[in-house]
Amino acid sequence: MAKHETSEKPKGKKHLSNFLVIALLGVLLLGLGGYGVTGFNTQVRSVGSVGETQIDAATYHGLLRQRMDQVSQQTGQTMTFDQAQQSGLATIVLQQAVATAALQEAARRAGLSVGDDEVARRISAVPAFQGMDGNFDPEAYRDILKRSGRTIAGFEDSVRQEASADLLQRALLNGLTPPQAYGTTLLNFLGEARAVTWAPIPDSLLTAAPEAPSDEEVQAWYDAHPDRFTLPERKDITYAWLSPDMMLDQVDLSEDELRAGYEARAAEFQRPERRMVDRLGFADMEAAQAAKDAIEAGETTFDALLDERGLAEADVDLGTIARSALTADAADAVFGIEDTGIAGPVASAVGPALFRVNAILSAQTTSYEDALPTLRRELALEKAKSLVQQEMEPLDDQLAAGATLEELAADSPMQIGTITWDGASLPEADPAAQPEFLNAAAAVADGDFPEIALTDSGLLFALRLDASKPSELQPLDAVRDDATAGAAEAKRVEALEALGTGLKDRADAGEDFAQLGLAPQVKTGLIRQSPSYELPRPVLDKLYDLGAGESAVVAGEDGAWLVRVDSVTPFDMDSDQARAALARLNRDTGLALADDILGELSQTVTQEAGLDLNQTALNAVHSALQ
2 MAKHETSEKP
12 KGKKHLSNFL
22 VIALLGVLLL
32 GLGGYGVTGF
42 NTQVRSVGSV
52 GETQIDAATY
62 HGLLRQRMDQ
72 VSQQTGQTMT
82 FDQAQQSGLA
92 TIVLQQAVAT
102 AALQEAARRA
112 GLSVGDDEVA
122 RRISAVPAFQ
132 GMDGNFDPEA
142 YRDILKRSGR
152 TIAGFEDSVR
162 QEASADLLQR
172 ALLNGLTPPQ
182 AYGTTLLNFL
192 GEARAVTWAP
202 IPDSLLTAAP
212 EAPSDEEVQA
222 WYDAHPDRFT
232 LPERKDITYA
242 WLSPDMMLDQ
252 VDLSEDELRA
262 GYEARAAEFQ
272 RPERRMVDRL
282 GFADMEAAQA
292 AKDAIEAGET
302 TFDALLDERG
312 LAEADVDLGT
322 IARSALTADA
332 ADAVFGIEDT
342 GIAGPVASAV
352 GPALFRVNAI
362 LSAQTTSYED
372 ALPTLRRELA
382 LEKAKSLVQQ
392 EMEPLDDQLA
402 AGATLEELAA
412 DSPMQIGTIT
422 WDGASLPEAD
432 PAAQPEFLNA
442 AAAVADGDFP
452 EIALTDSGLL
462 FALRLDASKP
472 SELQPLDAVR
482 DDATAGAAEA
492 KRVEALEALG
502 TGLKDRADAG
512 EDFAQLGLAP
522 QVKTGLIRQS
532 PSYELPRPVL
542 DKLYDLGAGE
552 SAVVAGEDGA
562 WLVRVDSVTP
572 FDMDSDQARA
582 ALARLNRDTG
592 LALADDILGE
602 LSQTVTQEAG
612 LDLNQTALNA
622 VHSALQ
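According to the working numbering, the sequence shown is numbered sequentially starting from 2.
Next up, the structure:
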């Protein structure tokens, strides 16, 4: 066995119950007739140990089998062990088993143990060990353990270890609750509401436009914003490509093919009349007729009938339909009225019903002659796609024989092109706009040989990496216009911020925003937990730092604002909402503290006692799950 020291905190913990019941899960799984145990070498008792405490192989096998089954139920697809290993699930379960063993080792070192009565109580509570009358069945107990390859003494010893670890956990966590002040302080912080007045400071209030930035100011702004002028890593790529459009001149279509194509698309070129329809069913024809009479008398409306039943329009909407979507009687009624309105009552697929016709879409017939331009191009493209696909194998053979992309373009209908791609931008022109091309460009590396690839759109391409360019800062001369514009904008914002300081002083002295030449906006009920993103980000970031009656000038990249907090309303800690929130917060905080304490204890014990994993035993368990 190889010895491993670990300092990593066990993963996969969600809440306290993970630790409180994880060991018992192993017992329950074993109790289910050996479920999760039968199938691997029952001579394998342990997959490792923490100190002197063994990591039970059957428990680990059962836990992992259970977690795999849970994932299978959630996804609808059977999870294989390979998938469990690749996803990290097997590692998480092993870490849980190690954590359980570490807590048992801690209990052993502390001299904690439980009596035979507690062991008997726990075993008799396992449903699989109970008879038809619900009482403990010794025969079933012995039979299940025998079939699972366990001895009574060994099994009861493992139950005793689990119970001792449970006792240790309860002793550590008993009465563990966060201070009351923690919850009330946090709720007050998150729940206090602010009313604010804010306004952008307009350029029109400036007495003069800021001077153009000097060369030194441009240089300083450029130096302060290197991220704006740094090019990402890029790839210089040469590609050859062939699209169906390039092959259109090689396509001939006969009159018979065009006529056949027109007939095949009859539903596209000959659309029957359609209507946008709602349908409301009734218990019987008399009720439907009474509703129709009330609508015609102006006593109610179709929408009012929906409201009476608690229905939304989406509940009765049939969409845009043709006659064929309705029964014969319903179709005659719905398509028998000349304008929008109510049709029926009439028998329908759901019984007696009223129909509301919301719109009428007239029949559309496109003649063969009118459809010919579109039809000719679509059929030609279909044929061209086939021609492109026929070129794939011979082109791939040429590449395999050593031909370059340039030679392919010279000897075939393919065209050559180049692109410098930064891995993030989305080119708009083919072939680089195709997802398959971008995936190939991202994967290509030095020394890779070009390969022909076919996209879902029917386009062929092959590409070659010519050079990889590292991320680099562009020199100032190459981006001077942008740097100058940035420096000028910074000077404008600086001037607005300076102007805002004077406006703030006047506002603090009692002038309102309108007197200052500002267009104020007011927002109430702002809380940290649900901020209003209608406010400019700099204003939103600043307003929670201000108390009631305080004001500030805030500046961002594109302007400056004056903001004043008009009032701060504390969270009502006496409300039912506050009491419920405080209870949830205390509970969740307590569980988080418990998780941390048990995790730290498990980690410390594992480090001090040492972790030995038996890879041969682990392989045996994993083989049983294949």
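We put the CB at the ideal spot given by N, CA and C, even for glycine.
Keep in mind the model is a prediction, meaning the values are calculated, not measured.
Top-ranked residue by Cα proximity to residue i, from the options
i       : options                               : result
Ser-387 : Ala-441, Ser-244 and Asp-294          : Ser-244
Arg-378 : Leu-406, Asp-246 and Glu-490          : Asp-246
Arg-324 : Gly-342, Arg-272 and Ala-556          : Arg-272
Asp-559 : Ala-491, Gln-516 and Ser-413          : Ala-491
Ser-114 : Phe-130, Phe-137, Glu-157 and Met-80  : Glu-157
Glu-473 : Leu-466, Ala-213, Asp-457 and Arg-229 : Arg-229
Ser-568 : Val-317, Ala-549 and Lys-470          : Ala-549
Gln-105 : Gln-84, Glu-163 and Leu-64            : Glu-163
Ser-349 : Asn-359, Asp-330, Thr-366 and Gly-342 : Asp-330
Leu-355 : Gln-365, Leu-281 and Pro-179          : Leu-281
Phe-130 : Glu-601, Asp-117 and Lys-147          : Lys-147
Val-566 : Leu-547, Ala-579, Arg-580 and Ala-581 : Leu-547
Pro-537 : Pro-201, Thr-92 and Gln-74            : Pro-201
Met-286 : Gly-345, Arg-260 and Thr-341          : Gly-345
Straight-line gap, residue i to residue j (C-alpha atoms, nearest Å)
i       : j       : result
Arg-123 : Val-94  : 24 Å
Glu-452 : Ala-463 : 5 Å
Ser-363 : Glu-339 : 11 Å
Ala-618 : Ala-443 : 41 Å
Arg-143 : Ile-598 : 38 Å
Asp-398 : Leu-409 : 11 Å
Val-99  : Ile-56  : 7 Å
Ala-141 : Gly-184 : 50 Å
Lys-543 : Phe-572 : 20 Å
Ala-334 : Leu-376 : 36 Å
Gly-37  : Gly-112 : Only weak support is given to the placement of Gly-37: the predicted model assigns it a pLDDT of 31, under 50, and the question is left unresolved by the model.
His-226 : Gln-391 : 52 Å
Asp-1   : Thr-198 : Outside the displayed range of the chain (2 to 627) lies residue 1, so it cannot be described from this structure.
Ala-446 : Tyr-240 : 14 Å
Ile-209 : Arg-529 : The displayed chain sequence assigns Ala, not Ile, to residue 209. Roughly 39 Å between the two C-alpha positions.
Asp-224 : Ala-508 : 37 Å
Asp-577 : Thr-178 : 21 Å
Leu-614 : Thr-54  : 12 Å
Leu-380 : Gln-365 : 22 Å
Ala-489 : Ala-213 : 6 Å
Arg-310 : Asp-279 : 15 Å
Where residue i falls, given that 16 or more other Cβ within 10 Å makes a residue buried
i       : result
Thr-419 : exposed
Gly-487 : buried
Leu-640 : In this structure the chain extends from 2 to 627, so residue 640 is not present and cannot be described.
Arg-109 : buried
Glu-609 : exposed
Gln-627 : exposed
Thr-328 : exposed
Ile-153 : exposed
Ser-368 : exposed
Ser-205 : exposed
Arg-235 : buried
Ser-603 : buried
Ala-24  : Only weak support is given to the placement of Ala-24: the predicted model assigns it a pLDDT of 38, under 50, and the value that follows is read from those uncertain coordinates. So Ala-24 counts as buried.
Leu-406 : buried
Ala-520 : exposed
Met-415 : buried
Gln-435 : buried
Phe-336 : buried
Any non-hydrogen atom of the ligand PLP within 8 Å of residue i CB
i       : result
Phe-156 : Judged by which ligands are present, the structure shown has none, so any question about the ligand PLP falls away.
Whole-number beta carbon distance between residue j and residue i, since they are thought to touch under 8 Å
i       : j       : result
Pro-233 : Asp-423 : 5 Å
Glu-498 : Ala-556 : 4 Å
Phe-634 : Arg-357 : No statement about residue 634 is possible, as the shown extent of the chain runs from 2 to 627 and does not include it.
Leu-461 : Leu-396 : 7 Å
Val-72  : Tyr-61  : Between Tyr-61 and Val-72 the Cβ distance is about 17 Å, and since that is not below 8 Å, they are no contact.
Pro-203 : Arg-493 : Actually they are not in contact, since the Cβ atoms of Pro-203 and Arg-493 sit about 11 Å apart, beyond 8 Å.
Leu-586 : Leu-188 : 7 Å
Val-51  : Thr-605 : About 11 Å separates the two Cβ atoms, so there is no contact after all.
Trp-242 : Pro-432 : 4 Å
Mind listing, in chain order, the continuous alpha helix (DSSP H) runs of no fewer than 4 residues lying wholly within the segment 78-156?
82-87, 90-110, 117-125 and 139-148
Taking only runs of the beta strand (DSSP E) that begin and end inside the segment 271-320, which ones reach a length of at least 3 residues, in chain order?
275-282
Contiguous alpha helix (DSSP H) assignments of at least 4 residues, all confined to the segment 434-471
436-444
Please go through the segment 315-382 and give each complete alpha helix (DSSP H) segment of 4 or more residues, from N-terminal end onward.
329-335
Within the segment 227-276, note down every full alpha helix (DSSP H) run reaching 4 residues or more, in order along the chain.
256-265 and 267-270
Please list the segments of the beta strand (DSSP E) lying wholly inside the segment 513-547, counting only runs of 3 or more residues, in order along the chain.
522-527
Please list the segments of the beta strand (DSSP E) lying wholly inside the segment 558-624, counting only runs of 3 or more residues, in order along the chain.
560-570 and 612-614
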